[in-house]
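73 is the number that the numbering used here gives to position 11 of the sequence shown; each next residue is one higher, with no gaps.
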Amino acid sequence: MGVIVDGERVLVMKLSNGTLTTLPESFGQLRNLQKLNLRSDGLTTLPEPILGLKNLQRLILYNNRFNKEENLFVINL
């Protein structure tokens, strides 16, 4: 896990190469998050809290376990 912080604002978070299958609802409160790396985790669906991250510029999701329909949704974000 890696985190880059500017004062009290979390800007970058790396949660890759683990067994993460979901994110807590409180994750959506990281409104200043700009980059999120969830590569090579156990995600099968896109965690809803991600949709509330309005400043997110880069989302890394490859090597997860998304089904075909979920892959199409992720591509169209």
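Where is the CB? At the ideal position from N, CA and C, for every residue including glycine.
Exercise. If you check the beta carbons only, do residue 105 and residue 129 fall under 7 Å apart?
Worked result: Working through the sequence shown from its first residue, we reach residue 105 at position 43. Working through the sequence shown from its first residue, we reach residue 129 at position 67. No; because the gap between Cβ atoms is not below 7 Å, this pair is not in contact.
Looking at residue 76: is its Cβ nearer than 7 Å to the Cβ of residue 90?
Numbered from its first residue, the sequence shown carries residue 76 at position 14. Numbered from its first residue, the sequence shown carries residue 90 at position 28. Against a cut-off of 7 Å, the Cβ pair of residue 90 and residue 76 comes out as no contact.
Q) So with Cβ pairs under 7 Å, would you call residue 127 a contact of chain B? A) The structure shown has no chain B; it contains just one protein chain.
Hey, how far is the Cα of residue 68 from the Cα of residue 74?
-> Working through the sequence shown from its first residue, we reach residue 68 at position 6. Working through the sequence shown from its first residue, we reach residue 74 at position 12. If you take the alpha carbons of residue 68 and residue 74, they lie about 10 Å apart.
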